[in-house]
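Here's the structure, in structure tokens; my notes come after.
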Amino acid sequence: GQNIDQPTEMTATEGAIVQINCTYQTSGFNGLFWYQQHAGEAPTFLSYNVLDGLEEKGRFSSFLSRSKGYSYLLLKELQMKDSASYLCAVTLRNTNAGKSTFGDGTTLTVKP
Amino acid sequence: EPEVTQTPSHQVTQMGQEVILRCVPISNHLYFYWYRQILGQKVEFLVSFYNNEISEKSEIFDDQFSVERPDGSNFTLKIRSTKLEDSAMYFCASIKEVNTEAFFGQGTRLTVV
Chain X
573 GQNIDQPTEM TATEGAIVQI NCTYQTSGFN GLFWYQQHAG EAPTFLSYNV
623 LDGLEEKGRF SSFLSRSKGY SYLLLKELQM KDSASYLCAV TLRNTNAGKS
673 TFGDGTTLTV KP
Chain S
135 EPEVTQTPSH QVTQMGQEVI LRCVPISNHL YFYWYRQILG QKVEFLVSFY
185 NNEISEKSEI FDDQFSVERP DGSNFTLKIR STKLEDSAMY FCASIKEVNT
235 EAFFGQGTRL TVV
């Protein structure tokens with residue numbers, strides 16, 4: 573089976589930096605996605621890591637360590653609109669399904 | 135920008151009734167999915183569909199559920215004999231290739247009463 577852990581809730585201040593962690597235990601790991609989900613809306617893609625290291629995309633960066641089963645999403649210069657749930661999702665090798673298995677999500681609240 | 139569309143956006147049905155949730159995936163995508171999200175809970179995988187057949191399904195996806203791609207554009211999820219616990223948001227998603235980003239529809243909120 574697969575186990576994906578994320579903190580349930582986080583709070584940060586507008587303009588600050590926040591790091592949302594995700595740890596996973598799974599066999600046949602291939603890659604890790606981060607999605608953003610505003611309340612009542614669909615998840616939207618933020619990043620995908622398959623190799624170790626940091627991927628930067630504007631204010632958002634994502635890091636992966638395959639050996640540690642660990643990833644984080646880094647959000648810089650926080651804005652109020654960044655208040656949302658952030659979902660960590662893993663995919664496996666050797667499958668023609670391509671499905672993602674999601675963690676419970678981290679609800680981020682950005683305060684003024 | 136291409137998008138995944140789902141209809142209806144809301145569906146209220148009586149327990150025991152059958153519902154069909156409809157999705158139009160992005161046209162050049164090859165892999166299609168249904169996910170479920172019970173209010174306040176995680177996004178759960180139901181089923182994946184590739185090359186006109188189910189490629190994987192979760193333990194949630196029992197005989198009550200079925201999927202179809204009847205005409206090369208629509209992708210439907212049928213829930214027979216709905217139960218109260220089927221109340222959830224149902225998301226359709228599609229991807230172009232394995233291990234690429236999933237594009238999600240806006241979801242159908244199903245309420246079973």
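Heads up: the sequence lines are chains X and S, in that order.
So that you can map any letter, position 112 of the first sequence is 684 in the numbering used here, and since no number is skipped, the others follow by simple counting.
So that you can map any letter, position 46 of the second sequence is 180 in the numbering used here, and since no number is skipped, the others follow by simple counting.
Glycine is no exception: its CB is placed at the ideal position from the N, C-alpha and C atoms.
GLU586 (chain X) has its alpha-carbon roughly 43 Å from the corresponding atom of ILE154 (chain S). Ranked by how close their Cα comes to the Cα of PHE605 (chain X), the residues X:MET652, X:GLY670, X:THR580 and X:THR679 have X:GLY670 in first place. In the DSSP assignment, GLN608 (chain X) falls within the unbroken beta strand (DSSP E) covering 601-609. Counting the other Cβ atoms within 10 Å of the Cβ of ARG170 (chain S) gives 16 or more, which makes it buried. Closest in C-alpha terms to PHE632 (chain X), from the list X:TYR642, X:THR583 and X:TYR620, comes X:TYR620. Contact of GLU586 (chain X) with chain S by beta-carbon distance below 7 Å is absent, the smallest such distance being about 26 Å. Under the Cβ criterion of 7 Å, PHE674 (chain X) is counted among the residues facing chain S. Beta-bridge analysis with DSSP links GLY625 (chain X) to X:LEU636. Against TYR167 (chain S), the close residues of chain X are ALA669, GLY670, LYS671 and SER672, in the order they occur along the chain (beta-carbon pairs closer than 9 Å). Contacts with chain S at 7 Å (Cβ-Cβ) include ALA614 (chain X). Secondary structure remark: continuous beta strand (DSSP E) runs of at least 3 residues inside the segment 636-683 of chain X, in chain order: 642-647, 656-664 and 678-683. The criterion of a C-beta distance shorter than 7 Å is not satisfied by LEU650 (chain X) and SER634 (chain X).
Here the segment 198-216 of chain S lies against the segment 175-187 of chain S, with 3 or more beta-carbon pairs under 8 Å apart. Residue pairing of LEU155 (chain S) in beta bridges, as defined by DSSP: S:LEU211. The C-beta distance from SER228 (chain S) to LEU244 (chain S) rounds to 20 Å, too long to fall under 8 Å, and the pair is not in contact.
Below the 9 Å Cβ cutoff, chain X contributes GLU613 and ALA614 as neighbours of GLN240 (chain S), in chain order.
Between GLN140 (chain S) and GLY239 (chain S), the C-beta spacing is below 7 Å.
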